[in-house]
Amino acid sequence: MSDQDFANTSDPLGSPKAGLSSDLDNLAAYVSSLTKTPPSPYRDAGGVLTSEGLAGRAVFESRRCGFCHSGSSFTDGKRHDVGTVKPSFGLGIGQPLAGVGFDTPTLKGVWNTAPYLHDGQASTLEDVLNSDEHIIGDALSAAEMGQLVAYLLQIDDREAAPAAVPVPSSSPWDLIVLASIFAAAITGIRMRSNRLKTIPTSWERPN
Ligand code: HEC
């Protein structure tokens, strides 16, 4: 790659590097070919969800995790701020990360991929979920946490895409939430999502 090409594409989220270096193109082709997730050893002997895992799938649905962890890859491919941005993180593509956040990761194979989150700040799945900004509604009970973690540990290529989560409707409550988010944006006060009974619209960020 020439120095000029390198300078033009040095921003990892900026102009694409495709076609500028055969080594990089080959590397990208190899990484793109890695589409299979190893089977989870946490499933029962027949390869289906355990009863704890099945209960966890119901928690996953009732807590609307599939709003972002959606589709057959358990990701919407978008960025969201779920409370993992620290003030020291600086900028992403020249913009503050707060309120924009990081790409939703797949949940396939998480039994094998600790530590978690973009910088490994969570050593366990419980650490990921002990977050009032990642969880909709009240904190998870101990039973819900156990079931949800059991389910997450069993998500592999055999798991079907989660049920679609409807985008929040415009009920009067949603309008109140929208107004509060707007007011919070003006005053610079960040709203804590554990006070919400609905999905905060500040989570919906395009790529
Ligand atoms: C608003 C969108 C959104 C919702 C709703 C959501 N997540 Fe996430 N999730 C994310 C994003 C974005 C990240 C990555 C954050 C980071 O890397 O800092 C993430 C990361 C994770 C991770 C870590 C995966 C890894 O490989 O590091 C797990 C596990 C997870 N979420 C599970 C859940 C569960 C279970 C629920 C429901 C209780 C849920 N998420 C709800 C957006 C969401």
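In our numbering, each residue carries its 1-based index in the sequence shown increased by 193. A virtual CB, placed ideally from N, CA and C, is assigned to each residue, including glycine.
- Annotation: the continuous alpha helix (DSSP H) that includes A335 extends over A335 to L345.
- Under the three-state reduction of DSSP, G294 is assigned to coil, being neither helix nor strand.
- Taken from the Cβ of L318, at least one heavy atom of ligand 1 lies inside 6 Å.
- Unbroken beta strand (DSSP E) runs of no fewer than 3 residues, entirely contained in the stretch 225 to 275, are not found.
- With three or more CB-CB distances shorter than 8 Å, the stretch 334 to 341 counts as touching the stretch 231 to 250.
- In terms of side-chain proximity, the C-beta atom of T230 is found no nearer than 6 Å to any non-hydrogen atom of ligand 1.
- Linking K301 to G270 through their CA atoms gives a straight-line distance of about 14 Å.
- Contact between the stretch 304 to 311 and the stretch 229 to 237 is present: three or more C-beta pairs spanning the two stretches fall below 8 Å.
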